[in-house]
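All residue numbers for the sequence shown refer to this note's numbering, where the first residue is 8 and numbers rise by one.
Positions of the beta carbon are idealized from the N, C-alpha and C atoms, including for glycine.
All of these numbers come straight from a predicted model, not from anything done at the bench.
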Amino acid sequence: MNERVSEVPDENSKLLVDIQIQLARIEKTLEVVPTLAAAVETVREIARNADQSSKSAHHRVDMLQSAKEIADDALRKAEAALATQKAQAEDQKWFKRTFYGAVIVGIAGGIVAAVWAAIKLGGVSS
């Protein structure tokens, strides 16, 4: 029985040594926790800044999309106005041609009438 009593303290000593070794390992592992906490806070700050930057960029893209739609609408209106202006210029060209043609026909008719009258008057007196 004497042997058994002396074995118990040896087992307790081994258990205590094992516990000390495990505690030392845990302490070694926990040494990096403060560094990790600082790194995590830095990463959080970077993530916040990235989120704000992405929101700002998204807002600018939305504004650019709106500006593009306005520019496209303005371009369509300008093209329609140019087409209308071109049609009006074409109409004015035909109006001028018709007007000058009528004036020329009128003058030619007046000349023909004058020559005809001169022939008639000259033929009646002879």
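Here E38 carries a coil assignment [DSSP, helix/strand/coil].
Distance between A96 and A64, taken at the CA atoms: about 47 angstroms.
Beyond the five residues adjoining it in sequence on each side, V50 comes within less than 6 angstroms, by CB distance, of no other residue in the same chain.
CA-CA distance, R83 to V119, rounds to 54 angstroms.
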